[in-house]
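Throughout, our numbering is defined as the position within the sequence shown, counted from one, plus 52.
Note that beta-carbon positions come from the ideal geometry of N, C-alpha and C, so glycine has one too.
Here's the structure, in structure tokens; my notes come after.
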Amino acid sequence: MTLAIPLDSLFQRNAVADWDDVHPMFGDVICSLDGQIAFRGDYPEPFARPPAVIDNSRTVTGDLIPETAWGASLANLLVPGSWAAMRAPVIEQNHRVCELCGLQINALEVHEVWEYDFPSDDEMARRDELTVFGVQRLRGLMSVCPDCHLCFHPGYANAHGRLSETLDRLAALNNWSREEVELYDRTLIERWERASQIHWMLDFAGIEHPDGGLTVTRSWRPHPEDARFLVYTNRSGAENVTALLNIPWRISGEKDWQPARSEQSMF
């Protein structure tokens, strides 16, 4: 497996020197993830956990979910109660503050942070002959406001007529020019097209669920030839195949958990 080069290694934010560099769209009040408040003009030195908009060590980036993994985000994969048990502690830990813009509101969402391990070039070359899998690894969850959440989903933003404002917001979060954010957007599409050529297993190593495992919606069904794998018909009508790694799981309505399985055990 070859890890895709992290986007924040390819694209770095431009540093924020003072409040003049913080876009007016973010208002005059910014909160830390500990719930501290800074007013525009105050130097936010006490912030132990600053939001990304004033954190020069952090660039807001994120790959698009491959078409072959549509339906496999936790929000879509899990029944509502199972997902709520994972998302609620994230929002509480961050004091109902958006990790990106520092807005404190009740209506926060939770974004999943994934990284992608690709198979070898030889395996990629054989994708027309056999089912080729990469490994999509969950690295964390972050609390985000709805507007900032769109920065990770420009395809969705475009479908709803909000791409331009979403790219403007992403540029403001990273203190980028329009040219920089458009280059980033083109790179996202190129990476998405490559990732969408293969299927993806989902790795939850290091993630614990309070229920003891993941309860999967019945939109997913066991693969008819190997019940360790799951199948889902995505919105384009194609069938996506996945496997859940390193965590117990069961389909909604089932009593028994499937055991946690490693990547190596699947082949």
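Which of the three DSSP states is assigned to residue i in this structure?
i: residue 91; result: strand
i: residue 78; result: helix
i: residue 120; result: helix
i: residue 281; result: strand
i: residue 338; result: In the structure as shown, the chain begins at 53 and stops at 319. Residue 338 is therefore absent and cannot be evaluated.
i: residue 105; result: helix
i: residue 227; result: coil
i: residue 346; result: In the structure as shown, the chain begins at 53 and stops at 319. Residue 346 is therefore absent and cannot be evaluated.
i: residue 273; result: strand
i: residue 55; result: strand
Taking the beta strand (DSSP E) that residue i belongs to, which residues open and close that run?
i: residue 81; result: 81-83
i: residue 254; result: 251-255
i: residue 292; result: 291-294
Using the beta-carbon count (16 or more within 10 Å), is residue i buried or exposed?
i: residue 107; result: buried
i: residue 183; result: exposed
i: residue 274; result: exposed
i: residue 158; result: exposed
i: residue 62; result: exposed
i: residue 319; result: exposed
Taking DSSP's pairing of strands, which residues face residue i in a bridge?
i: residue 196; result: 161
i: residue 168; result: 188
i: residue 297; result: 255
i: residue 302; result: 267
i: residue 156; result: 149
i: residue 316; result: Its beta-bridge partners do not exist; DSSP assigns none.
i: residue 310; result: 301
Following the continuous alpha helix (DSSP H) through residue i, name the residue where it begins and the one where it ends.
i: residue 241; result: 230-247
i: residue 142; result: 132-145
i: residue 207; result: 206-211
i: residue 174; result: 173-177
Handout entry: the stretch 71-79 contacting the stretch 108-118, beta-carbon criterion three pairs below 8 Å
Key = no
Exercise for the section: Taking 8 Å as the threshold, find out whether the stretch 291-302 comes into contact with the stretch 256-274 through three or more Cβ pairs. Expected result: Put simply, the stretch 291-302 touches the stretch 256-274. At least three CB pairs are less than 8 Å apart.
Exercise for the section: Spell out a yes or no on whether the stretch 217-228 and the stretch 174-193 are touching, meaning 3 or more CB-CB pairs, one atom from each, closer than 8 Å. Expected result: Proximity of the stretch 217-228 to the stretch 174-193 falls short of the contact definition, fewer than three beta-carbon pairs being nearer than 8 Å.
Exercise for the section: Please confirm if the stretch 252-261 is in contact with the stretch 81-94, defined as three or more CB-CB distances below 8 Å between the two stretches. Expected result: no
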